[in-house]
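Visitor: First the structure, which I've put down as structure tokens, then a few questions once you've had a look.
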Amino acid sequence: MTDFDAFTDLLNPDMCVVTAGAGGERAGCLVGFASQCSMRPVRFVVWLSKVNRTYDVACAAEFLAVHLLTPEQFALADLFGGETGDRVDKFARARWTEGHGGAVVLQDAAAWFVGRIGQRIDAGDHVGFVLDPVRSGAQGEPDGRPLLRLADALTIEPGHPVD
Numbered sequence: 647m648t649d650f651d652a653f654t655d656l657l658n659p660d661m662c663v664v665t666a667g668a669g670g671e672r673a674g675c676l677v678g679f680a681s682q683c684s685m686r687p688v689r690f691v692v693w694l695s696k697v698n699r700t701y702d703v704a705c706a707a708e709f710l711a712v713h714l715l716t717p718e719q720f721a722l723a724d725l726f727g728g729e730t731g732d733r734v735d736k737f738a739r740a741r742w743t744e745g746h747g748g749a750v751v752l753q754d755a756a757a758w759f760v761g762r763i764g765q766r767i768d769a770g771d772h773v774g775f776v777l778d779p780v781r782s783g784a785q786g787e788p789d790g791r792p793l794l795r796l797a798d799a800l801t802i803e804p805g806h807p808v809d
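When we follow this note's numbering, the leftmost residue of the sequence shown carries the number 647, and every step to the right adds one.
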């Protein structure tokens, strides 16, 4: 354990599913590195691993969709985090629709938004996709339900190796 591990081990970020569609392909993955990064203008950044298939499709996309899940939606998180699109069509097992700009929107997510990719930031083994939100939706009114967090997803074996 490095000194930085002592810091990051205390974090418990919200998990989200990021989906991309481009050139007739769809891809999506479970992401723990994501946050709002600007208030004016509103911007959000998601970090995708360069070894993940979703990264390849996202590089060709103009828009991405970001989805929030609740702990009760663990099966959906497991599908997008524990399987790889290299072997499995995840979208054959999930309800989805084509959203703004060809983005892939998961219909059962607690909340989602579609954002235009405004910038890509190479930061090592991950690339940040800075998104300008253009559409959003939610399953009803916010009711204080907790979101799926890293601690809820620790049992998911990554569908794609980290290295």
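Cβ coordinates follow ideal geometry from the N, Cα and C atoms, glycine included.
Which whole runs of the alpha helix (DSSP H) in the segment 726 to 770 are 4 residues long or more, in chain order?
Guide: Those alpha helix (DSSP H) runs which fall completely within the segment 726 to 770 and span 4+ residues do not exist here.
Visitor: Specify whether the segment 769 to 777 and the segment 729 to 747 touch according to this definition: at least 3 beta carbon pairs, one from each stretch, less than 8 Å apart.
Guide: no
Visitor: Classify T801: buried if its beta carbon has 16 or more other beta carbons within 10 angstroms, exposed otherwise.
Guide: Position 155 of the sequence shown, counted from the first residue, corresponds to residue 801. The residue is exposed, with fewer than 16 neighbouring Cβ atoms inside 10 Å.
Visitor: With a threshold of 8 Å on Cβ separation, who are the neighbours of G770 within its own chain once the five nearest residues in sequence on each side are excluded?
Guide: Here residue 770 refers to the residue found at position 124 of the sequence shown. Excluding sequence neighbours, G770 sits near nothing in its chain.
Visitor: Tell me which same chain residues have a C-beta within less than 6 Å of the C-beta of I767, skipping the five on either side of it?
Guide: As a working mapping, residue 767 is identified with position 121 in the sequence shown. These residues qualify, in order along the chain: G774.
Visitor: Is the Cβ-Cβ distance between L752 and A711 less than 9 Å?
Guide: Within the sequence shown, residue 752 is the residue found at index 106, counting from 1. Within the sequence shown, residue 711 is the residue found at index 65, counting from 1. Yes.
Visitor: Looking only at C-alpha atoms, which of E744, L794, C662, A668 sits nearest to Q682?
Guide: What you label residue 682 is simply residue 36 of the sequence shown in a count that begins at 1. When each option's Cα is compared against that of Q682, the closest is C662.
Visitor: Tell me, please, whether the segment 745 to 759 touches the segment 691 to 701 by the rule of three or more beta-carbon pairs shorter than 8 Å.
Guide: no
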